[in-house]
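**Q** Structure provided below as structure tokens; questions to follow.
Number of protein chains: 2
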Amino acid sequence: MNRPLKLGIAGLGTVGTGLLQLLAEHGPRLAGNVSRPIEVVGVCARSRSKPRAVTTDAIAWFDEAARLAVDPSIDVFVELIGGEGGAAKTAVEAALNAGKSVVTANKALLAKHGADLAGLAEQQGVALQFEAAVAGGIPVIKTLREALAGNQLRRVYGILNGTCNYILTGMTEQGRSYTDVLAEAQAKGYAEADPTLDVDGTDAAHKLAILVQIAFGVAVPLPAIPRRGIAGIDLIDIRFAHELGYTIKLLAEAFLDPANGTDEAGGQLALHVAPVMLKHARPLALVRDAYNAITVVGDAVGTTLYYGRGAGPMPTASAVIADVIDLAVGHAQLSFRTLRLWSGHNRDITLRPQATMPSRFYLRLMVQDRPGVLADVTRALANHRISI
Amino acid sequence: MNRPLKLGIAGLGTVGTGLLQLLAEHGPRLAGNVSRPIEVVGVCARSRSKPRAVTTDAIAWFDEAARLAVDPSIDVFVELIGGEGGAAKTAVEAALNAGKSVVTANKALLAKHGADLAGLAEQQGVALQFEAAVAGGIPVIKTLREALAGNQLRRVYGILNGTCNYILTGMTEQGRSYTDVLAEAQAKGYAEADPTLDVDGTDAAHKLAILVQIAFGVAVPLPAIPRRGIAGIDLIDIRFAHELGYTIKLLAEAFLDPANGTDEAGGQLALHVAPVMLKHARPLALVRDAYNAITVVGDAVGTTLYYGRGAGPMPTASAVIADVIDLAVGHAQLSFRTLRLWSGHNRDITLRPQATMPSRFYLRLMVQDRPGVLADVTRALANHRISI
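Chains as they are written, first to last, in my numbering: chain Y, 1265 to 1652; chain R, 1265 to 1652.
This is the structure we're talking about:
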């Protein structure tokens, strides 16, 4: 048996606690599989006294994440604090600067500072792993990075926000109002007390930015992703869509149009997060509740789809452990040293300006029932060169 | 740039040709991504003069696969010959004995000799890679080996044979007979001239044996997998199933029942390949034509699903290239040396005897319309302790 891999875990919310449980439960089997024990030697959280499902008495306690991040006792810093800056960013930077590999589930941090952090990791010769940052337990990062590496990818799109999907499922299947289902989702823990970042599409845009970086090698600043959320969707829209044969889903989409490009790897990349009407039989239309699914289209593999729980303590912990195992056996370090995985250097791909993206829209009009109304509407649309 | 990774490819059918095309097309991009060129330095096939979509003039030609396998010019031997023994087995063994890593798409070979070949690879300190052997371009092997490694898996099941799924889709959606759709599948290249191994469930059983080895660490001899094919399915069964709300699919299934086990990793494993009636809305019921899909259930991640093309030159070549890339960057070697991935040593899991597997069956009776017929039938069933 080789020497143990020693983890420091910052953040003991539901995911951190789930991770401790999973490591305790499967520790012996994992140690056998990877030929070395995986040990948690330090933890850090806001409150030491808060009751938790697992005891941390045998583990060294740190009051500051940034102190844990650089402690000589740890090999790998696991960041489960969250937030695009603050303590999470400080601690991750400290860990990388101290030569520790980092595993993080923090999509907001990566969407904003991913390229810089990846550059720092590369410079330090350590790894930055983030499978849990997108789509929870679904191994979409590993799939894009490794399994489909022989493909020029064309499209990456899917349902990346479980809260929105839960709300839309409730509205569609039970005919309940947005506010009603949102309240239930909050009660069940599927939505935050302040659900803004979920329902306005920001969370999905964070995840799309990460996927686009990995799939196309393009660093996209968050404001460059046009996004609309689900708060404006009325029950009547869902009913009309249903009658027309469609299900409404919040999709995050990235399409590469190679026709405008200069070579096979070039082209224009169209991005957006928006509620989309999908034919009932489309696989993504069938994804219910808080599940996520991502479709990835490559030039060789064709259309593939990955489905699973996009959030929750144990699915997220499953992804964190996969990253830890890749570090334990040395995979992750190799990926980072030998694969240009987050370099943002693909100058052949440009972002397509939103104004040049043709789309089909659903238009619902509330009008008075009198002659000439439709003529006025169609005239106005014609004046703006909108075809109906 | 590091020194090139040099491949020898044996077998230039549709997959081998597709692989050469893909490497030619994406070579420069791949070389950049993995920081070393990937070169094909030797090929071998039955006929040198057969017209092919790519030229092999610049590549050394070998008349015997086993000679190519041990040639000092190659680092990695790619076996695309097929068949559970013969030239494929001889060449793969020769390559491993010569200290070359092997990439193979040969499910029949792995299902029969996988444990021995993996043992030989381990002994020689080289890698045996086989993503393309199961479900074509869907990265299910990498997912089971790496992405879900933190889970105790509970269930692995799905549609693993595209030919059967194509035939069942045609019967279900177009109301055509088995023989009619089979003939069309043969004309389109989705079914072999002799389709026996596909339609009788053998091909799906080969793939299930490989998945079970990776997912549960259990070596299953092929005869231990009960299997029924689709040749006995009549159009009338599909229609009745449809009326009852079900779609018929050929599923390969592995369920671990931990209740009988001695610890968390133990239990009884139930395996079979059979036509199964799935509720219309189940994700697997919606998999059409020659597509494959696999559901994997883990204790932490919950239910996940992976979908894509299960066969075809380019999807299979996509999987072969992923294996080659893992070798180029050193992943695969690490996996093999540090992860016990095909050891067949899980003595805690036993196979559940088929006679003890409770199942629900669909029974269609053609009887004369006279009093007492149903009484006779139900009496016979009761005598055999079958509940209806």
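Ideal placement from N, C-alpha and C gives every residue a C-beta, glycine not left out.
No experiment lies behind these values; they were computed from the predicted model shown.
Is the CB of T1407 (chain Y) under 8 Å away from at least one CB in chain R?
**A** With 8 Å as the cut-off, T1407 (chain Y) counts as an interface residue toward chain R.
**Q** Within the same chain, show all residues whose beta-carbon is closer than 7 Å to that of V1334 (chain Y), passing over the 5 residues directly before and after it, in chain order.
**A** Cβ neighbours of V1334 (chain Y) beyond the five flanking positions: A1358, A1359, A1362.
**Q** Kindly list the residues whose CB is nearer than 7 Å to the CB of K1353 (chain Y), restricted to its own chain and excluding five residues on each side of it in sequence; keep chain order.
**A** Cβ neighbours of K1353 (chain Y) beyond the five flanking positions: L1373, H1377.
**Q** DSSP has M1541 (chain Y) in a bridge; who is on the other side?
**A** Beta-bridge pairing links M1541 (chain Y) to Y:I1512.
**Q** If we ignore side chains and look at the alpha-carbon of each, how far apart do G1350 (chain Y) and G1414 (chain Y) end up?
**A** Going from the Cα of G1350 (chain Y) to the Cα of G1414 (chain Y) covers about 38 Å.
**Q** Taking only runs of the alpha helix (DSSP H) that begin and end inside the stretch 1314-1363 of chain R, which ones reach a length of at least 4 residues, in chain order?
**A** Counting whole runs of 4 or more residues, the stretch 1314-1363 of chain R contains the alpha helix (DSSP H) stretches 1329-1334, 1350-1361.
**Q** Report the residue ranges of all beta strand (DSSP E) runs contained in full by the stretch 1384-1463 of chain Y; include only those spanning at least 3 residues, in chain order.
**A** Those beta strand (DSSP E) runs which fall completely within the stretch 1384-1463 of chain Y and span 3+ residues are 1417-1423.
**Q** Could you check the C-alpha separation between I1345 (chain Y) and L1276 (chain Y) for me, to the nearest Å?
**A** Distance between the alpha carbons of I1345 (chain Y) and L1276 (chain Y): 8 Å.
**Q** What is the DSSP secondary structure of L1286 (chain R), reduced to helix, strand or coil?
**A** Three-state DSSP puts L1286 (chain R) in a helix.
**Q** In whole angstroms, what separates the C-alpha of L1283 (chain Y) from that of V1540 (chain Y)?
**A** Looking at the two C-alpha atoms, the distance is approximately 35 Å.
**Q** Which whole-angstrom value describes the C-beta separation of R1552 (chain Y) and G1401 (chain Y), a residue pair presumed to lie in contact below a C-beta threshold of 8 Å?
**A** That belief does not hold up - the Cβ atoms of R1552 (chain Y) and G1401 (chain Y) are roughly 16 Å apart, past 8 Å.
**Q** Assuming K1471 (chain Y) and A1516 (chain Y) are in contact, meaning their beta carbons sit under 8 Å apart, how far apart are those beta carbons, in whole angstroms?
**A** Sure, about 6 Å apart at Cβ, within 8 Å.
**Q** Where T1614 (chain Y) and A1549 (chain Y) are concerned, what is the direct C-alpha to C-alpha distance, given to the nearest angstrom?
**A** Straight-line Cα distance between these residues: approximately 30 Å.
**Q** Where are the alpha helix (DSSP H) runs, 4 residues long or more, that stay fully inside the stretch 1458-1509 of chain Y, in chain order?
**A** Qualifying alpha helix (DSSP H) stretches, in chain order: 1460-1463, 1466-1480, 1499-1507.
**Q** On a Cα-Cα basis, can you pick out the residue from Y:A1375, Y:G1594, Y:V1305, Y:I1431 that is closest to G1272 (chain Y)?
**A** Cα-wise, what sits closest to G1272 (chain Y) is Y:V1305.
**Q** Using a Cβ-Cβ cut-off of 8 Å, state whether N1297 (chain Y) counts as contacting chain R.
**A** It does: the Cβ of N1297 (chain Y) has a partner Cβ on chain R nearer than 8 Å.
**Q** Does the Cβ of D1587 (chain Y) have 16 or more other Cβ atoms within 10 Å, making it buried, or fewer, making it exposed?
**A** Buried.
**Q** Is the Cβ-Cβ distance between L1486 (chain Y) and A1468 (chain Y) less than 8 Å?
**A** For L1486 (chain Y) and A1468 (chain Y), no; Cβs fall outside 8 Å.
**Q** For the putative contact between I1558 (chain Y) and A1369 (chain Y), defined by C-beta atoms under 8 Å, what is the C-beta separation to the nearest angstrom?
**A** So it is not a contact: roughly 17 Å between Cβ atoms.
**Q** List the residues of chain R that A1586 (chain Y) touches, going by C-beta distances under 8 Å, in chain order.
**A** Near A1586 (chain Y) (Cβ distances below 8 Å), the residues of chain R are E1410, A1411, L1412, A1413, G1414.
**Q** Anything in the stretch 1561-1583 of chain R with a Cβ closer than 7 Å to a Cβ of chain Y? List those residues in chain order, please.
**A** Going along the stretch 1561-1583 of chain R in chain order, one finds G1562, A1564, V1565, G1566, T1567, T1568, L1569, Y1570, Y1571, G1572, R1573, M1578, P1579, A1581, S1582 with a Cβ nearer than 7 Å to chain Y.
**Q** Which residue comes first and which comes last in the alpha helix (DSSP H) that contains R1643 (chain Y)?
**A** R1643 (chain Y) -> alpha helix (DSSP H) spans 1637-1647.
**Q** Leaving out five residues on either side along the sequence, give the residues of the same chain with a beta carbon under 6 Å from the beta carbon of L1384 (chain Y).
**A** Only L1360 meet the Cβ criterion.
**Q** Using a cut-off of 8 Å between C-beta atoms, extract the partners of D1590 (chain Y) located in chain C.
**A** Reference to chain C is not applicable here, since the protein chains of this structure are Y and R.
**Q** Give the DSSP-derived three-state secondary structure of N1266 (chain Y) in the structure shown.
**A** Here N1266 (chain Y) sits in coil by DSSP.
**Q** Is W1325 (chain Y) near the ligand PLP, with its Cβ less than 7 Å from a heavy atom?
**A** With respect to the ligand PLP, the structure shown offers nothing to examine, as it has no ligands at all.
**Q** Does the structure place the stretch 1642-1652 of chain Y close enough to the stretch 1286-1296 of chain R that three or more beta carbon pairs sit under 8 Å?
**A** Flag = no, the stretch 1286-1296 of chain R and the stretch 1642-1652 of chain Y do not touch.
**Q** Going by DSSP, what residues sit across from V1367 (chain R) in a beta bridge?
**A** Answer by DSSP bridge pairing, in chain order: R:V1342, R:Q1393.
**Q** Among R:V1356, R:D1327, R:L1446, R:G1347, whose alpha-carbon lies nearest the alpha-carbon of V1340 (chain R)?
**A** If we check each option's Cα against that of V1340 (chain R), R:V1356 comes out closest.
**Q** Does DSSP classify N1297 (chain R) as helix, strand or coil?
**A** Three-state DSSP puts N1297 (chain R) in a helix.
**Q** Taking the continuous beta strand (DSSP E) assigned at I1585 (chain R), which residues delimit it?
**A** Per DSSP, I1585 (chain R) belongs to no beta strand (DSSP E); it is in the alpha helix (DSSP H), 1577-1593.
**Q** For I1402 (chain Y), which residues in chain R fall below 7 Å Cβ to Cβ?
**A** The contacting residues are T1568.
**Q** Give a yes or no on whether the C-beta atoms belonging to Q1393 (chain Y) and V1367 (chain Y) are separated by under 8 Å.
**A** For Q1393 (chain Y) and V1367 (chain Y), yes; Cβs fall inside 8 Å.
**Q** Would K1452 (chain Y) be called buried (16 or more neighbouring beta carbons within 10 Å of its own) or exposed?
**A** Per the 10 Å Cβ criterion, exposed.
**Q** R1440 (chain R) and L1520 (chain R) look like a contact to me (Cβ under 8 Å); what is the Cβ gap, rounded to whole Å?
**A** Going by Cβ atoms, the distance from R1440 (chain R) to L1520 (chain R) rounds to 38 Å, so no, they are not a contact pair.
**Q** On the criterion of 16 or more Cβ atoms from any shown chain inside 10 Å, does F1654 (chain R) qualify as buried, or is it exposed?
**A** The structure shown does not extend to residue 1654 (chain R), since chain R is modelled only from 1265 to 1652, so the question has no answer here.
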